[in-house]
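Student: The structure's right below; bear with me while I get my questions together.
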Amino acid sequence: MGMDAPRWRVLMSLHEDTYLSISEIAEFSAMRLNTTTKVVQRLIADGFVTTRVRPTDARATEVSLTAEGERMGALALAEVRDIFELAFRSVSNEEMDVLNTILEKVFSQLKRM
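Below you can see the structure in the form of C-alpha cells.
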C-alpha cells in the first residue's frame, strides 16, 4: 500500500479517536514527539490529516483524519487484519493470552527505561 509503519501508527491512533493532540498520538503510538510531528506533517502533505487548535487549550494542536485518511486507514486496517489472521491462525486463545501477558510485561519494562 506504500504506507510505512509510522504513518500507519498515526492513522490507527486517529481511527480510534476523532481528534488527538500530537502528544497524545505520540503516546498512543509509542513514538517520540518530534518523530510524530514529522509524520503528521507528511500526512498533511499526503492529504490524509488536517490540524486545528484545540478549542479548550490553544497550546495544543489537534489532528483529525480527512475523508481520504479515513479511506486509507480502513484499507490499511483490513490488510493488517488479514496478515494477523494468517500469522496467528494456529495459535490458540490460551496461547494468545500468555503471549499478551508476556508482551505487557516487556512493554511495561521498556516504558520505565
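The sequence shown lines up with residues 1 to 113 when you count with UniProt numbering.
Glycine is no exception: its CB is placed at the ideal position from the N, C-alpha and C atoms.
#1: Quick one: any contact between the segment 32-44 and the segment 96-112, if contact means 3 or more CB pairs under 8 Å?
#2: Straight-line CA distance for Asp57 to Glu70?
#3: Quick check: Met12 and Leu77, are their CB atoms within less than 8 Å of each other?
#4: Can you check which of these residues, Glu94, Glu62, Ile83, Leu110, is closest to Glu24 by C-alpha distance?
#5: Could you check whether Arg52 and Ser21 sit closer than 8 Å to each other, using their CB atoms as the reference points?
Tutor: Straight from the coordinates:
#1: no
#2: 25 Å
#3: yes
#4: Glu62
#5: no
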